[in-house]
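What follows is a set of notes on a single structure, which appears directly below.
In this note's numbering, the protein residues as written are 1026 to 1558.
Encoded structure:
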């Protein structure tokens, strides 16, 4: 897909605005000439910067005494300051271009944009912070609004990125499973509006929709729309063509297959390709906010539009590339595991076939299963009868000999117990091995309890890890829910075998949306395996 011409889109918006050297924040918010998604982005960026100023003022020694009056004063201060913010026109153009790229990324790859913008490289965020950044996203309200509601209803104040992703995937599946054809066309209306450069709505490149469905892990729809356009000889679609295609998909099969539900619920890093996002400039959410003075000071620059410094763009690209490299390594490891698993299964099937081929009759199969393999089969019934009679006689003789040996052993054992009272010094240590050892044929070892040979229990799970690792498991794998951790560990320790223990682990992973391919999840499973090894 060809790169989008952001400069043309930017100029189309700027031409509608009055010609001026500066523009206030109130003029931007109240203007009907600027689409709401771009106004929202600029307003939220200002709110973020003002919250950082409030945070820094609150941390100053001058305001060390915390009180409600101080908080109210800071709130009034930032609110008053917001009314007096004015941008130079060049600065406004830079913010508007950022808003264009931000919304383009979200329209084309909603999952990647949401996760990357809200969490960055963090594993967890405060719930209020997540809700703040969700307000940046105006389009696709059928996904964003329910996601905001479910996030608000979460009991925990800190939300893990994996749990948030699970909420996001469940929201998407709920919408696409129940949406009608008209609902889907209305859902994609912002996409056609974004590509609209004139009075008539332009068609949208087919690559835009294939990227969209791939990002949601709906691969069968992505492939179908590519084949659909190949059959019709087109590289772009308008609303009518898209409606016809979606209706064709709905008539053929469910919009989301059961297999894709399962795979989509598991996916996170494998389906996010950050490098393909169109670079746009924003400050990544940090645990400790930092003030960007350039966005607060009104500076008149030259006529050239400077969106970001070159080193800033390079830093962002390097970070995006790092995500994709780690994802590729993880994908290759999974593929290797799958190849090894398939090879082992093929070898096991081949061995079974060889065993079956080597057995020529049902009688031989039965004899192998029972262990009664005869060395000779007489050629006629008379010989068979005499052979069986002689065999029975031999078995009876062998049985009687075994009884005699046991009786002989018992008598010898009683004598040996009497001799044990003699002091050890009276034994002749120079006697030969034949004189002092009892052969295996003469000795029937007395029964030894299982507890003396095999430990009655396996080591407990917590014995295999230190306290630091235990806390890491609770924090990263159990979302700081120590009670859930203790319950699962108790079930593992009470399990009789590895299979039963792993069943408890898999049930927990499925219930709480834990991805088995996560390094911390693999480490937990490896510890369970060590417990039963």
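From the three backbone atoms N, C-alpha and C, an ideal C-beta is built for every residue, glycine too.
Legend entry - Residue nearest to residue 1133 in terms of C-alpha spacing, selected from 1214, 1253, 1513 and 1518: Here residue 1133 refers to the residue found at position 108 of the chain shown. Nearest option by C-alpha distance: 1214.
Legend entry - Within the stretch 1501-1558, ranges of the alpha helix (DSSP H) (whole runs, at least 4 residues): 1507-1518, 1523-1537 and 1544-1556
Inset, instruction - Report all residues from its chain with a CB closer than 6 Å to the CB of residue 1209; omit the five preceding and five following residues, and keep chain order. - result: For the purposes of this step, residue 1209 is taken as residue 184 along the chain shown, with counting starting at 1. Counting only Cβ-Cβ distances below 6 Å, and skipping sequence neighbours, we find 1271.
Inset, instruction - Determine the contact status of residue 1148 and residue 1185, defining contact as a CB-CB distance below 8 Å. - result: Against the chain shown, residue 1148 aligns to sequence position 123. Against the chain shown, residue 1185 aligns to sequence position 160. Closer than 8 Å, so yes.
Legend entry - Strand pairing of residue 1047, partner residues [DSSP]: As a position in the chain shown, residue 1047 is number 22, starting the count at 1. Per DSSP, 1113.
Inset, instruction - Report the rounded CA-to-CA distance for residue 1207 versus residue 1201, giving the unit in angstroms. - result: As a first step, residue 1207 is located in the chain shown; it is residue number 182 there, counting from the start. As a first step, residue 1201 is located in the chain shown; it is residue number 176 there, counting from the start. Rounded to whole angstroms, residue 1207 to residue 1201 spans 12 Å at the Cα level.
Inset, instruction - Output the boundary residues of the alpha helix (DSSP H) element that contains residue 1231. - result: For the purposes of this step, residue 1231 is taken as residue 206 along the chain shown, with counting starting at 1. Residue 1231 -> alpha helix (DSSP H) spans 1231-1240.
Legend entry - At least 3 beta-carbon pairs within less than 8 Å: the stretch 1140-1157 vs the stretch 1177-1195: yes
Inset, instruction - Determine the direct distance from the alpha carbon of residue 1250 to that of residue 1074, and round the result to whole angstroms. - result: On the chain shown, position 49 is the one that residue 1074 refers to. On the chain shown, position 225 is the one that residue 1250 refers to. Taking the straight line from one Cα to the other gives about 42 Å.
Legend entry - Own chain partners of residue 1549 with C-beta closer than 8 Å, once the 5 adjacent residues on each side are dropped: Residue 1549 sits at position 524 when you count from the first residue of the chain shown. Contacts found: 1498, 1502 and 1530.
Legend entry - For residue 1297, the three-state DSSP class (helix, strand or coil): For the purposes of this step, residue 1297 is taken as the residue at position 272 of the chain shown. In this predicted model, residue 1297 has a pLDDT of only 46, less than 50, meaning its place in the structure is not dependable; the value taken from the coordinates is given anyway. Coil at residue 1297, not helix or strand.
Inset, instruction - Spell out a yes or no on whether the stretch 1227-1244 and the stretch 1168-1177 are touching, meaning 3 or more CB-CB pairs, one atom from each, closer than 8 Å. - result: no
Inset, instruction - Identify every residue that forms a DSSP beta bridge with residue 1203. - result: Counted from its first residue, the chain shown places residue 1203 at position 178. Residue 1203 is not bridged to any residue.
Legend entry - Member of 1539, 1532 and 1524 whose CA lies at the smallest distance from the CA of residue 1555: Within the chain shown, residue 1555 is the residue found at index 530, counting from 1. Nearest of 1539, 1532 and 1524 to residue 1555, Cα basis: 1524.
Inset, instruction - Measure the alpha-carbon distance for residue 1042 versus residue 1120 and round it to whole angstroms. - result: In the chain shown, the residue the question calls residue 1042 occupies position 17. In the chain shown, the residue the question calls residue 1120 occupies position 95. Their Cα atoms are separated by approximately 15 Å.
Legend entry - Cβ-heavy atom distance, residue 1117 to the ligand MN, below 7 Å: Summarising the ligand content, the structure contains no ligands, and the ligand MN is consequently not present.
Legend entry - For residue 1193 and residue 1153, believed in contact at Cβ under 8 Å, the rounded distance: Start at 1 with the first residue of the chain shown, and residue 1153 comes out as number 128. Start at 1 with the first residue of the chain shown, and residue 1193 comes out as number 168. Rounded, the Cβ-Cβ distance is 18 Å, inconsistent with contact.
Inset, instruction - Determine the extent of the beta strand (DSSP E) in which residue 1150 is found, giving its start and end residues. - result: Indexing the chain shown from 1 puts residue 1150 at position 125. Note, residue 1150: beta strand (DSSP E), 1149-1151.
Legend entry - As assigned by DSSP and simplified to three states, the class of residue 1163: Residue numbering aside, residue 1163 sits at position 138 when the chain shown is read from its first letter. Residue state, collapsed to three classes: coil.
Legend entry - Cβ neighbours of residue 1510 in the same chain (closer than 7 Å, five flanking residues each side left out): Numbered from 1 along the chain shown, position 485 holds the residue referred to as residue 1510. Excluding sequence neighbours, residue 1510 sits near 1498, 1499 and 1503.
Legend entry - Nearest to residue 1047 (by Cα), restricted to the options 1537, 1061, 1110 and 1512: To locate residue 1047, count along the chain shown from 1; it is residue 22. For residue 1047, the nearest C-alpha among the options comes from 1110.
Legend entry - residue 1178, DSSP secondary structure in three states: Indexing the chain shown from 1 puts residue 1178 at position 153. If DSSP states are grouped into helix, strand and coil, residue 1178 belongs with coil.
Legend entry - Outcome for residue 1538 when other beta-carbon atoms lying within 10 angstroms are tallied against a minimum of 16: Indexing the chain shown from 1 puts residue 1538 at position 513. Buried is the call here.
Inset, instruction - Leaving out five residues on either side along the sequence, give the residues of the same chain with a beta carbon under 6 Å from the beta carbon of residue 1191. - result: For this step, residue 1191 is matched to residue 166 along the chain shown. Closer than 6 Å at the Cβ level, and outside the excluded window around residue 1191, lie 1538.
Inset, instruction - Could you check how far apart the C-beta atoms of residue 1064 and residue 1053 are, in whole angstroms? I think they sit under 8 Å. - result: Along the chain shown, read from residue 1 onward, the residue named residue 1064 stands at position 39. Along the chain shown, read from residue 1 onward, the residue named residue 1053 stands at position 28. Sure, about 6 Å apart at Cβ, within 8 Å.
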